[in-house]
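>
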Amino acid sequence: MAVADAGSGGRGDLDEAAAVFAGVRPRLFGIAYRMLGSVAEAEDLVQEVWLRWQAYDRATVHDPAAFLATVTTRLAINAAQSARVRRETYVGPWLPEPVDTGADPYLGAERGEALEFAVLLLLERLSPTERAAYVLREAFDYPYRQIADIVQLNEAAVRQLVSRARKRVTGERRTPVSKAQQRRLLTAFVAAARSGDLTMLEELFAADVTSYSDGGGVVRATRFPVVGASRVAKVIKAFAVPFWAGVEVDWADTNGQASALLRRDGQVFAVITVTASEQGIDQVLWMMNPIKITGVSRSES
1 MAVADAGSGG
11 RGDLDEAAAV
21 FAGVRPRLFG
31 IAYRMLGSVA
41 EAEDLVQEVW
51 LRWQAYDRAT
61 VHDPAAFLAT
71 VTTRLAINAA
81 QSARVRRETY
91 VGPWLPEPVD
101 TGADPYLGAE
111 RGEALEFAVL
121 LLLERLSPTE
131 RAAYVLREAF
141 DYPYRQIADI
151 VQLNEAAVRQ
161 LVSRARKRVT
171 GERRTPVSKA
181 QQRRLLTAFV
191 AAARSGDLTM
201 LEELFAADVT
211 SYSDGGGVVR
221 ATRFPVVGAS
231 RVAKVIKAFA
241 VPFWAGVEVD
251 WADTNGQASA
261 LLRRDGQVFA
271 VITVTASEQG
281 IDQVLWMMNP
291 IKITGVSRSE
301 S
């Protein structure tokens with residue numbers, strides 16, 4: 001992945017390089033975002049790939065799309081290793097940064113795998129290389145041989161990585177409800193949370209529901225996950241009046257699922273979504289770190 005200077009053959013050559021890059025950029029961002037769970041970090045990484053592509057000896061590249069995907073994935077593996085260390089000191093629960101999928105439902109992927117919040121949270125438990133192999137295979141349907149070249153392992157090892165990752169994701173996650181049902185449950189949850197209806201909240205929740213609040217130490221939020229239908233319902237009821245005062249609710253599609261955008265004085269201050277199965281709502285995700293919701297705030301303003 002060395003950088004050379006021979007790629008600059010004039011304005012026309014650079015225009016062609018830019019056109020090639022623009023054509024694959026959605027996929028590169030899709031890979032980077034699924035690897036990092038952060039829009040800002042994914043954008044920075046894709047920009048770094050563009051800089052390397054400009055300077056590279058592009059005449060030696062026979063398959064630009066494969067080359068750029070390789071550079072992106074290898075940089076993302078390194079970035080994920082650094083991100084894991086940073087998240088060990090993150091204040092409170094860390095949640096993926098929501099991304100607006102209303103305009104680009106699959107973030108450049110043929111399929112929407114490894115995009116929903118519940119899956120991204122499970123992928124955090126994998127090693128960066130395992131995560132890369134899973135993302136390339138499940139979200140973008142790359143052949144095992146090509147994945148092996150990208151992550152620099154043999155094909156048998158890659159098949160094992162993907163199989164192990166797939167088992168962890170499917171084994172630790174209940175079968176989700178349909179998107180329509182998820183939206184209905186989210187709408188009912190917002191109504192019950194706003195009114196502080198303890199009985200309705202408990203009826204919506206699975207027995208082992210977990211509530212995560214990501215304030216990042218920037219805004220006030222519960223610093224530990226709250227577990228259990230009764231406990232989660234009581235915490236939400238206790239804060240209902242001060243939390244929901246003056247709040248307007250808009251609806252958005254983030255990470256391929258319905259989410260509620262909470263506004264106060266015209267500004268989005270929280271993004272809420274739920275994951276659910278036949279048992280009810282399994283997870284409630286409160287994304288309130290202002291640094292991490294700016295993209296959704298802008299896209300919906």
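Sequential numbering from 1 applies to the sequence shown in full-length UniProt numbering.
The beta-carbon is built from N, C-alpha and C at its ideal position, and this holds for glycine as well.
1. Answer with buried or exposed for N154, where buried requires no fewer than 16 other C-beta atoms within 10 angstroms of its C-beta.
2. Could you give the distance in angstroms between the alpha-carbon of D15 and the alpha-carbon of S213?
3. Roughly how many whole angstroms lie between the Cα atoms of D13 and W50?
4. For a test of your reading of the model: does the CB of T70 fall under 7 angstroms from any non-hydrogen atom of the ligand MG? Yes or no.
5. Please return the same chain residues whose Cβ sits closer than 6 angstroms to the Cβ of T222, not counting the five positions on each side in sequence.
6. For the alpha helix (DSSP H) holding S127, just list the boundary residues, first then last.
7. Nearest to E202 by CA position, among Y56, Q283, A59, V271, is which residue?
8. To which residues does DSSP link D100 through a beta bridge?
9. Which residues bound the beta strand (DSSP E) around L285?
10. In the segment 158-197, which residue ranges form an unbroken alpha helix (DSSP H) of at least 4 residues, counting only runs that do not cross its ends?
11. Does DSSP classify residue 313 as helix, strand or coil?
12. At the level of alpha carbons, what is the spacing between M1 and V71?
13. Measure the Cβ-Cβ separation of Q257 and E116 and say whether it is below 8 angstroms.
According to the data block:
1. Flag for N154 reads exposed.
2. The alpha-carbon atoms of D15 and S213 are separated by roughly 45 angstroms.
3. Cα-Cα distance, rounded: 14 angstroms.
4. The ligand content of the structure shown is nil, which means the ligand MG is not present either.
5. Hits under 6 angstroms: S213.
6. DSSP places S127 outside any alpha helix (DSSP H), giving it a letter other than H or E.
7. The residue with the shortest Cα to Cα distance from E202 is Q283.
8. Its beta-bridge partners are T254.
9. Residue range 280-287 is occupied by the beta strand (DSSP E) that includes L285.
10. Taking only runs of at least 4 residues, the alpha helix (DSSP H) segments lying wholly in the segment 158-197 are 179-195.
11. Past the edges of the chain, shown from 1 to 301, lies residue 313, and the structure says nothing about it.
12. With a pLDDT of 42 at M1, under the threshold of 50, the predicted position of this residue should be treated as unreliable, and no value is reported.
13. Yes, the pair counts as a contact, with Cβ atoms nearer than the cut-off.
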